[in-house]
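S.K.: Got a structure here, written out as C-alpha cells. Questions coming.
Number of protein chains: 2
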Amino acid sequence: MATTTQQNVLIIGSGVIGLTIAHVLTSQPSHNYNVTIVARDIPTEGMDSQAWASPWAGANWSPMGNYDERKYKWESRTFNKLWDMIPTGLTMELPTRAFFADLSELDNIWWKDLCREFSIIENEPLPLNMKAGVRFTTVALSPISYLPWLKSELDSRGVKFVRQKLQSLQEAAVIGGPDCIIVNATGLGARSLIGVEDTKCYPIRGQTTFVYAPQVKECIEVVSDLDPTSSSGHATYMIPRVYPPGTVLLGGTFQPNNWDTSLDVPTAQGIFERCAAVEPALLSSETKILSYGVGLRPAREGGARVEVEWIDVPGESELVPDRESLGDKRKVKVVHAYGFGPAGYQSSWGAAEDAVQLLQSS
Amino acid sequence: MATTTQQNVLIIGSGVIGLTIAHVLTSQPSHNYNVTIVARDIPTEGMDSQAWASPWAGANWSPMGNYDERKYKWESRTFNKLWDMIPTGLTMELPTRAFFADLSELDNIWWKDLCREFSIIENEPLPLNMKAGVRFTTVALSPISYLPWLKSELDSRGVKFVRQKLQSLQEAAVIGGPDCIIVNATGLGARSLIGVEDTKCYPIRGQTTFVYAPQVKECIEVVSDLDPTSSSGHATYMIPRVYPPGTVLLGGTFQPNNWDTSLDVPTAQGIFERCAAVEPALLSSETKILSYGVGLRPAREGGARVEVEWIDVPGESELVPDRESLGDKRKVKVVHAYGFGPAGYQSSWGAAEDAVQLLQSS
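Those protein sequences? They're chains D and Z, same order as listed. Okay, so the first sequence: first residue is 7 according to the numbering used here, each after it adds one. Okay, so the second sequence: first residue is 7 according to the numbering used here, each after it adds one.
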C-alpha cells in the first residue's frame with residue numbers, strides 16, 4: 007500500500023461485523039483507508055428489517071457450544087473490550103444464572119475464566135427440572151443503542167454509507183473503485199451474493215418478546231438450549247437491557263434452517279410461560295409487553311468464515327450459458343467475515359481484528 | 007357517518023391491495039375519509055424488502071387455478087381497469103402464448119372471455135413437451151413504476167403515510183384515532199399481526215431473474231405450473247415489462263410454505279435454461295442479466311379474505327397470562343383484505359371495490 011494514495015475498501019454489510027471491521031480499520035488517525043459500507047439496511051434506517059440479524063440480537067456475552075481455539079480468542083478479546091466500555095454506558099455488567107439439563111455439562115465449562123465471578127450454584131432449588139446451575143457476571147449491550155453508536159463513530163471518521171442491496175461481487179468491485187479490497191460481511195446474505203454463493207450458510211430462527219420489566223435485574227439462561235445440536239427448538243433466556251432502561255428481552259427459539267420470519271403466537275405464549283417459570287417476578291403487574299421479534303441468526307456449517315479469497319470478477323456471477331464473457335476478468339481481494347450464527351456480537355471485536363489483519367496482509 | 011366530521015380510516019399495509027383500497031376510497035373528490043396508511047415498507051422506500059411481496063410481482067393478468075365466481079368478478083373488473091389505463095403508459099397490452107402439460111386443460115379455460123383475442127394454437131410445435139397451447143392478449147404493468155404512481159395519486163389526495171412496523175391491531179387503533187375503521191391489507195403479515203394471527207396464511211416462494219432483452223416481445227407462460235397444487239415447484243414464464251423499456255422478468259418458482267428469501271443459484275440457472283428453451287431469442291448477446299429476485303407470494307388456505315370483523319381491542323393481543331386487563335376493550339371495525347397469493351395485482355381493483363363497500367356498509 008502506497009502511503010500517498012488511499013486504499014479503497016468496500017465493506018458489504020452493515021451488521022455488527024461489518025461495522026466493527028470498519029471501526030478497527032479506521033481506529034488509527036493515521037490510517038490510509040477510504041472506506042465505504044454498502045448495505046441493504048443500515049443502522050437507524052431499516053432497524054425493523056427481519057432480513058437483518060443484528061437488530062434482533064440479545065446481545066450479551068453468553069456461553070455457546072464447545073471449546074474452539076479461534077472462538078475463545080475472538081470471544082475473550084470481545085468480552086474484555088465490551089467490559090472496558092461499561093463506563094461509557096453503552097454496555098453494562100450483567101449478573102447471570104445459567105442452568106444445565108445434564109450434570110455432566112459442568113465438566114465442559116471451558117469459559118469460566120472468560121467471563122467474571124464464576125461459581126457453581128449449590129444448595130439452591132433449580133428451575134425447569136434443570137440438573138445444574140452456575141453464576142457468573144457477563145457483559146451486555148443493546149443493539150438499538152450500540153449499532154447507532156458504531157455508525158456515529160464511523161460517520162465521524164469519514165466512512166461512507168450507501169444504502170443499496172448488492173447482488174454480486176461484481177457490483178461491489180465497481181462501487182469500491184480501483185484496486186479496492188472487498189470485505190464480505192453479509193451474514194446470511196453470503197448465500198445470495200453472486201460470486202460467493204455459500205450454500206453452507208443457514209438461518210437459526212429466533213423469536214423473542216421484548217418487555218418492560220424493571221423488577222428483573224438478572225440474566226437467566228438455559229445453556230443446554232443454546233447448543234446448535236439441541237433439538238427442542240427452545241432457548242429459554244431473559245436478558246435485561248442497558249437501553250431502554252427497565253427493558254428485558256425474553257427468548258426464545260433456536261430453530262436451524264427455519265426461514266419463517268412471521269410471529270408464531272403459541273411460541274410467544276410459551277416463551278413468556280417458560281421465562282415466568284424461571285423468574286416469577288415477570289408475572290408482576292409492572293411487566294408490559296412492548297414488542298415481538300423474529301430474527302434469523304446467520305449461521306454456517308463448519309463455523310464462521312474469516313479468510314481471504316482472490317476472486318475473478320466477473321466470474322461465478324456469469325449465469326447465462328453459451329454466451330461470451332461480459333468483459334475482462336479482474337482479480338479482486340475479498341476478506342470474508344460472516345457466518346457467526348448466534349455469536350456475532352460476542353465475536354465482533356476479535357473477529358474484526360483478524361479480518362483487518364487479513365486485509366492488511368499482502 | 008356524519009357529513010360534517012371525517013371518518014378516520016387506518017390502512018395497514020402499503021402493497022398493491024392497501025394502496026388500491028386507499029385509491030378507491032378517495033376517488034370521489036367529495037369523499038369524507040381521513041386516510042392514513044401505516045406500513046413497514048412503502049413505495050419508493052423499502053422496494054428491496056423481501057418481506058414485501060408487491061415489488062417482486064410479474065405483474066400481468068395471468069390465468070391461475072380453477073373458476074371461482076368471486077375471483078372472476080375481481081379479475082375481470084381489474085383486467086378492464088388496467089386495460090383502460092394503457093394510454094397512460096402505466097400498463098401495456100401484452101401478446102401471450104400459454105402452454106399446458108395436459109390436453110384436457112383446454113376444457114377448463116374459464117377465462118377466455120376475461121382476456122382479449124383468445125385462440126387455440128394449432129399446427130405449431132409446442133415447447134418443453136407441452137401438449138396444448140393458446141394465444142391471448144393480456145395487460146401488464148411494472149411494479150416499480152405502478153406502485154410509485156399509486157402512491158403519488160394518494161399523496162395528492164392527502165392520504166398520509168407512516169413508515170412503521172405495527173405489531174398489533176391495538177397499535178393500529180391508537181394511531182387511527184377515534185372511531186377509526188381499520189383496513190387489514192397486511193398480506194403475509196396477517197400471520198404476525200397480534201389480534202389477527204391468521205395461521206391460514208402461508209408463503210409461496212417465487213424466484214425470478216430480471217433481464218434486459220429487448221428482442222423478447224411476447225409473454226410466455228407454462229400455465230400448468232401456476233396451479234397451486236402443482237408439485238414441481240417450477241413456474242416457467244417470461245413477462246416483458248412496460249418499464250424500464252426492454253426489460254423482461256424471467257420466472258420462476260412456485261414453492262408453497264417455503265420462507266427462504268435467499269437466492270438459490272442452481273434455480274437461477276434452471277430458470278434461464280427453461281426460459282431459453284421456450285424462447286431461444288433469450289440466448290442472443292443482447293440479453294443482459296440485471297438482477298435476481300426472491301419474493302414470497304402472500305397466499306392463504308381457502309383463498310383471499312375480504313370480510314368485516316368487529317374485534318375487541320385490546321383482546322387477542324393480550325398474551326400475558328394471569329394479569330389484569332391492560333384497559334377497557336373497545337370494539338373496532340376491521341375490513342380484512344389479504345391472502346391473494348400470486349394474484350394480488352390482477353385482483354386489486356375488484357377486491358378493493360369490495361373492501362370499500364364493506365367499509366362503507368353499516
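A virtual CB, placed ideally from N, CA and C, is assigned to each residue, including glycine.
At least one CB of chain D closer than 7 Å to the CB of W265(Z): is that the case?
M.R.: Chain D, which has a Cβ nearer than 7 Å to the Cβ of W265(Z), makes this yes.
S.K.: Only counting the same chain, and skipping five residues up and downstream in sequence, which positions put a Cβ closer than 6 Å to that of A138(D)?
M.R.: F106, L109, L112, listed in sequence order.
S.K.: I want to see whether chain C comes within less than 7 Å of E292(Z), judged by CB atoms only; does it?
M.R.: Within the model displayed, chain C is absent; protein chains D and Z are what it includes.
S.K.: Provide the residue(s) that pair with A138(Z) in DSSP beta bridges, ordered along the chain.
M.R.: Answer is F106(Z), bridged to A138(Z).
S.K.: According to a CB-to-CB cut-off of less than 7 Å, which residues of the stretch 200-224 of chain Z neighbour chain D?
M.R.: Listed by position, the residues of the stretch 200-224 of chain Z near chain D (Cβ gap below 7 Å) are E203.
S.K.: Taking 7 Å as the CB-CB cut-off, is L269(Z) touching chain D?
M.R.: Interface residue, yes.
S.K.: Should V319(D) and A196(D) be called a contact, given that it needs their Cβ atoms to be closer than 7 Å?
M.R.: In this structure, A196(D) does not lie closer than 7 Å to V319(D) by Cβ.
S.K.: Tell me W316(Z)'s beta-bridge partners as DSSP assigns them.
M.R.: Note: W316(Z) sits in a beta bridge opposite K339(Z).
S.K.: Could you tell me the alpha carbon to alpha carbon distance between S323(D) and S174(D), rounded to whole angstroms?
M.R.: Because the pLDDT at S323(D) is just 43, under 50, the model does not fix this residue reliably, and the point stays unresolved.
S.K.: Listing by chain order, which chain D residues have their CB less than 8 Å from the CB of L364(Z)?
M.R.: Within 8 Å Cβ-Cβ: nothing; L364(Z) doesn't reach chain D, min ~25 Å.
S.K.: Could you check where the alpha helix (DSSP H) with T273(Z) kicks off and where it finishes?
M.R.: Run containing T273(Z): 271-284, per the alpha helix (DSSP H) assignment.
S.K.: Quick one: Cα of A191(D) to Cα of A274(Z), how far?
M.R.: About 23 Å.
S.K.: By DSSP, does H240(D) sit in helix, in strand, or in coil?
M.R.: Reduced to three states, the DSSP call for H240(D) is strand.
S.K.: Starting from the C-beta of G19(Z), find all residues in its chain whose C-beta is less than 7 Å away, skip the five residues before and the five after it, and write them out in chain order.
M.R.: Taken in chain order, the residues that qualify are A45, A191, T192, G193, G195.
S.K.: Exposed or buried, what is S367(Z) when buried is set at 16 or more other beta-carbons lying within 10 Å of its beta-carbon?
M.R.: Result: exposed.
S.K.: Under 8 Å: do the stretch 142-157 of chain Z and the stretch 248-261 of chain Z share three or more Cβ pairs, one atom per stretch?
M.R.: Because the criterion of three Cβ pairs below 8 Å is met, the stretch 142-157 of chain Z and the stretch 248-261 of chain Z touch.
S.K.: So with Cβ pairs under 7 Å, would you call Q13(D) a contact of chain Z?
M.R.: No, because no Cβ of chain Z sits closer than 7 Å to the Cβ of Q13(D).
S.K.: Determine the contact status of E313(D) and H342(D), defining contact as a CB-CB distance below 7 Å.
M.R.: Cβ atoms of E313(D) and H342(D): closer than 7 Å.
S.K.: Would S20(D) pass as an interface residue toward chain Z - the criterion being a Cβ-Cβ separation below 7 Å?
M.R.: By this cut-off, S20(D) is not an interface position.
S.K.: Below 8 Å, how does it come out for the stretch 213-232 of chain Z and the stretch 271-286 of chain Z: are there three or more Cβ pairs, yes or no?
M.R.: The stretch 213-232 of chain Z is in contact with the stretch 271-286 of chain Z.
S.K.: Buried or exposed: S60(Z), going by 16 or more other Cβ atoms within 10 Å of its Cβ?
M.R.: Its Cβ being crowded by 16 or more others within 10 Å, S60(Z) is buried.
S.K.: At which residue ranges does the stretch 161-232 of chain Z contain complete alpha helix (DSSP H) runs of 4 or more residues, listed in the order of the chain?
M.R.: The qualifying runs are 175-182.
S.K.: Does any residue of chain D bring its CB to less than 7 Å from the CB of K171(Z)?
M.R.: K171(Z) counts as touching chain D.
S.K.: Below 7 Å between beta carbons: does that hold for Q213(Z) and T259(Z)?
M.R.: A contact, by the Cβ cut-off of 7 Å.
S.K.: What residue from M244(Z), A310(Z), L302(Z) has the CA that sits closest to L288(Z)'s CA?
M.R.: Among M244(Z), A310(Z), L302(Z), the Cα nearest to that of L288(Z) belongs to M244(Z).
S.K.: Using a Cβ cut-off of 7 Å (strictly closer), state whether A57(Z) contacts chain D.
M.R.: It does; some Cβ of chain D falls within 7 Å.
S.K.: When you compare only the Cα positions, how much space is there between Q56(D) and A57(Z)?
M.R.: Computed Cα separation, rounded: 8 Å.
S.K.: Could I get the ranges of all uninterrupted alpha helix (DSSP H) runs contained in the stretch 75-135 of chain D, with 4 residues as the minimum, in chain order?
M.R.: Here the runs fully enclosed are 75-90.
S.K.: Would you tell me roughly how many angstroms separate the C-alpha atoms of M53(Z) and S158(Z), rounded to the nearest one?
M.R.: Answer to the nearest angstrom: the Cα atoms are 15 Å apart.
S.K.: Can you find a CB in chain Z that lies within less than 7 Å of the CB of D108(D)?
M.R.: So no, D108(D) is outside the interface.
S.K.: Whose Cβ in chain Z lies nearer than 7 Å to the Cβ of L194(D)?
M.R.: Under the 7 Å cutoff, chain Z gives S268.
S.K.: At a CB-CB cut-off below 7 Å, which residues of chain Z make contact with Y344(D)?
M.R.: What Y344(D) touches in chain Z: nothing, since even the nearest Cβ is about 13 Å away.
S.K.: Roughly how many angstroms lie between the CA atoms of F124(D) and C207(Z), to the nearest whole one?
M.R.: Near 47 Å, if we compare the C-alpha coordinates of C207(Z) and F124(D).
S.K.: Any beta-carbon of chain Z closer than 7 Å to the one on S33(D)?
M.R.: Closer than 7 Å: no.
S.K.: Who pairs with I23(Z) in a beta bridge, going by DSSP?
M.R.: DSSP output for I23(Z) lists no bridge partner at all.
S.K.: Is R247(Z) close to chain D, meaning its C-beta is less than 7 Å from at least one C-beta of that chain?
M.R.: Closer than 7 Å: no.
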